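> By our numbering, the letter at position 327 of the sequence shown is numbered 367, and the numbering carries on one by one without gaps.
Even for Gly, the Cβ is constructed at its ideal location relative to N, Cα and C.
What you are looking at is a predicted structure, and each value in this text was computed from that prediction instead of being measured.
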Amino acid sequence: MTAPLELGLETFGDVTRDSAGQLLSHPQVIRDVIDEAVLADQVGVDFFGIGEHHRADFAVSSPEMVLATIAGRTTRIRLGSAVTVLSSDDPVRVFQRFSTLDAASNGRAEIILGRGSFTESFPLFGFPLDQYNTLFEERLDLFAAILESDRTGTPLSWRGTTRAPLSNQRVYPSTTNGTIKTWIGVGGSPESVVRAARYKLPLILAIIGGSPLRFAPYVDLYHRALGEFGVESLPIGVHSHGHVAESDAQAKAELWQPWREMRDRIGAERGWPPTSRADFEREAEEGSLYVGAPDTVARRIAATVQALGLARFDIKYSAGTLAHEVLMRSIGLFGGEVMPRVRAILEASHETAPAARPA
41 MTAPLELGLE
51 TFGDVTRDSA
61 GQLLSHPQVI
71 RDVIDEAVLA
81 DQVGVDFFGI
91 GEHHRADFAV
101 SSPEMVLATI
111 AGRTTRIRLG
121 SAVTVLSSDD
131 PVRVFQRFST
141 LDAASNGRAE
151 IILGRGSFTE
161 SFPLFGFPLD
171 QYNTLFEERL
181 DLFAAILESD
191 RTGTPLSWRG
201 TTRAPLSNQR
211 VYPSTTNGTI
221 KTWIGVGGSP
231 ESVVRAARYK
241 LPLILAIIGG
251 SPLRFAPYVD
261 LYHRALGEFG
271 VESLPIGVHS
281 HGHVAESDAQ
291 AKAELWQPWR
301 EMRDRIGAER
311 GWPPTSRADF
321 EREAEEGSLY
331 VGAPDTVARR
341 IAATVQALGL
351 ARFDIKYSAG
361 TLAHEVLMRS
371 IGLFGGEVMP
381 RVRAILEASH
391 ETAPAARPA
């Protein structure tokens, strides 16, 4: 029997504006994120994820601290990172922080590990960018060994080139249920897809531009690679951006300006051309921007879930300076109206969202 589709919300703690148009302080944004997560729990959202960043426009640098506070104010929603930049962190400490969160939340913690599309953490923590790939590969190898040690209750030994070795050691605390669900977040590199399969970890595809169908070859590659590594199937999820309002016109009107400012700010750092309203409309109609009324957003999510065979779909609901009050309304609509519609569409088409698409 296939597992039910999980629907989640994610934020980077984007710095928002107050009613007077002034940017809020980082502490206030973090408090708002906590309130947003509490509402997500109340309206039935399955997962709430917080991304790690180390820059002025995103308030959260330590997702685990914020998630721990959320754990104390929620009862059922699963809580995780989106993503943890493993390359510039220590795998032992990452496991310890999340296994502690797992204990505090009574087994609700998850981790999404990634290399990080933002690189501010590397100079901040003293890691050379020319070791970007090596750092992630070695740290993922150690983290996978820690997961296996926790699952089996046996010591681990590990040796690499970017960290001191471990010899016959355990990492504590142990997890609530003998494991902690750990995903690999991938932005579109075939090598990263195969790496996730090699370590037998579920895959999250970050689809933030263009048609989601462009990623079908990565889904197929993941399933083929799993087969070569002797694994029948593992879940696949998607992370995309979105916003829900009472009508398509209202949702677009609310999102357009903050989305444009955020994209152009980040794009200027990466050499992208300025975005246009036509770009925005194209993404909203046929790309990876899930914006509109509940029916519109639900139909587009369901189509992507069916096309890619997803077990999870997460929307990054925050978008630059989009106000906290608007985000709260969007969260309420997502949980109260979008999620039931998505599941009804899938049920009506005689498809539940599969844990993995057949190879």
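DSSP has Ala256 in a bridge; who is on the other side?
Here residue 256 is taken as the residue at index 216 of the sequence shown, counted from 1. None, per the DSSP bridge assignment.
> Determine the direct distance from the alpha carbon of Ala324 to that of Ala351, and round the result to whole angstroms.
Counting from 1 along the sequence shown, the entry for residue 351 is found at position 311. Counting from 1 along the sequence shown, the entry for residue 324 is found at position 284. The straight-line gap from Cα to Cα measures roughly 23 Å.
> Taking Cβ to Cβ, would you say Gly112 is nearer than 8 Å to Ala149?
For the purposes of this step, residue 112 is taken as the residue at position 72 of the sequence shown. For the purposes of this step, residue 149 is taken as the residue at position 109 of the sequence shown. It is not a contact, given that the beta carbons lie outside the stated cut-off.
> For Ala96, which of helix, strand or coil comes out of DSSP?
Here residue 96 refers to the residue found at position 56 when the sequence shown is read from its first residue. Here Ala96 sits in coil by DSSP.
> When the Cα of Ile151 is compared with those of Val100, Leu107 and Ser280, which residue comes out closest?
Taking the first residue of the sequence shown as position 1, residue 151 is located at position 111. Closest by alpha carbon: Leu107.
> What number of angstroms, rounded off, separates the C-alpha of Thr124 from the C-alpha of Phe98?
As a first step, residue 124 must be located in the sequence shown, where it is residue number 84. As a first step, residue 98 must be located in the sequence shown, where it is residue number 58. Cα to Cα, the separation comes out at about 14 Å.
> Any idea which residues DSSP pairs Glu369 with across the strands?
If you number the sequence shown from 1, residue 369 lands on position 329. Looking at the sequence shown, residue 369 is not Glu but Arg. Arg369 is not bridged to any residue.
> Does the segment 299-311 come close enough to the segment 347-366 that 3 or more CB-CB pairs lie under 8 Å?
yes
> Can you tell me whether Arg57 is helix, strand or coil according to DSSP?
Indexing the sequence shown from 1 puts residue 57 at position 17. Correct three-state label for Arg57: strand.
> Assuming the contact rule is C-beta atoms closer than 8 Å, Ile248 and Ser328 should be a hit. Round their C-beta distance to whole Å, please.
Position 208 of the sequence shown holds residue 248. Position 288 of the sequence shown holds residue 328. The pair is a contact, with the Cβ atoms about 6 Å apart (cut-off 8 Å).
> Within its chain, find whatever has a CB closer than 6 Å to the CB of Trp223; leave out the 5 residues flanking it on each side and keep chain order.
As a position in the sequence shown, residue 223 is number 183, starting the count at 1. Cβ neighbours of Trp223 beyond the five flanking positions: Ile152, Pro242 and Ile244.
> How would you call Trp312, buried or exposed, if buried means at least 16 neighbouring beta carbons within 10 angstroms?
Translated into the one-based positions of the sequence shown, residue 312 becomes position 272. Around the beta carbon of Trp312, fewer than 16 other beta carbons sit within 10 angstroms, so the residue counts as exposed.
> What would DSSP say about Ala396, mapped onto helix, strand or coil?
Residue numbering aside, residue 396 sits at position 356 when the sequence shown is read from its first letter. Any reading at Ala396 needs caution, since the residue's pLDDT is 48, under 50, leaving its predicted position unreliable; the model's value is listed next. Three-state result, Ala396: coil.
> Would you call the segment 47-57 and the segment 79-86 touching, i.e. three or more CB-CB distances under 8 Å?
Flag = yes, the segment 47-57 and the segment 79-86 touch.
> If we require 4 or more residues per run, which alpha helix (DSSP H) segments fall completely within the segment 120-152?
If one requires a minimum length of 4 residues, the alpha helix (DSSP H) runs lying completely within the segment 120-152 are 131-144, in chain order.
> So what does DSSP say about Glu294, is it helix, strand or coil?
For the purposes of this step, residue 294 is taken as residue 254 along the sequence shown, with counting starting at 1. Three-state DSSP puts Glu294 in a helix.
> Going by the beta-carbon positions, is the gap between Tyr258 and Val278 smaller than 8 Å?
Within the sequence shown, residue 258 is the residue found at index 218, counting from 1. Within the sequence shown, residue 278 is the residue found at index 238, counting from 1. Their beta carbons are not under 8 Å apart, which means Tyr258 does not touch Val278 by this criterion.
> Leaving out five residues on either side along the sequence, give the residues of the same chain with a beta carbon under 7 Å from the beta carbon of Ala342.
In the sequence shown, counting from the first residue as 1, residue 342 sits at position 302. These residues qualify, in order along the chain: Val382, Ile385 and Leu386.
> Rounded to a whole number of angstroms, what is the C-alpha to C-alpha distance between Gln346 and Arg339?
Here residue 346 refers to the residue found at position 306 when the sequence shown is read from its first residue. Here residue 339 refers to the residue found at position 299 when the sequence shown is read from its first residue. About 11 Å.
> Identify, in the order they occur along the chain, each residue of the same chain with its Cβ nearer than 7 Å to the Cβ of Phe216, setting aside the five sequence neighbours on each side.
For the purposes of this step, residue 216 is taken as residue 176 along the sequence shown, with counting starting at 1. Reading the sequence as shown, one finds Thr at residue 216 and not Phe. Here the set comprises Asp142, Ala143, Asn146 and Gly147.
> Leaving out five residues on either side along the sequence, give the residues of the same chain with a beta carbon under 8 Å from the beta carbon of Glu286.
To locate residue 286, count along the sequence shown from 1; it is residue 246. So the qualifying residues of the chain are Ala333 and Leu373.
> Considering only residues of the same chain and omitting the five flanking positions on each side of Thr239, which have a CB-CB separation below 6 Å?
Along the sequence shown, read from residue 1 onward, the residue named residue 239 stands at position 199. With the sequence shown as reference, residue 239 is identified as Tyr, and Thr is not the correct amino acid for it. Ala184, listed in sequence order.
> I need the DSSP call for Ala246, collapsed to helix, strand or coil.
Working through the sequence shown from its first residue, we reach residue 246 at position 206. DSSP places Ala246 in strand when its eight states are reduced to three.
> Applying the criterion that 16 or more other CB atoms from any shown protein chain within 10 Å of the CB defines a buried residue, is Pro103 buried or exposed?
Looking up residue 103 in the sequence shown gives position 63. Buried is the call here.
> Do the CB positions of Leu206 and Ser197 come within less than 8 Å of each other?
Taking the first residue of the sequence shown as position 1, residue 206 is located at position 166. Taking the first residue of the sequence shown as position 1, residue 197 is located at position 157. It is a contact, given that the beta carbons lie within the stated cut-off.
> What does the Cβ neighbour count give for Arg235, buried or exposed, with the cut at 16 atoms within 10 Å?
Taking the sequence shown and counting its residues from 1, the one referred to as residue 235 is at position 195. Result: buried.
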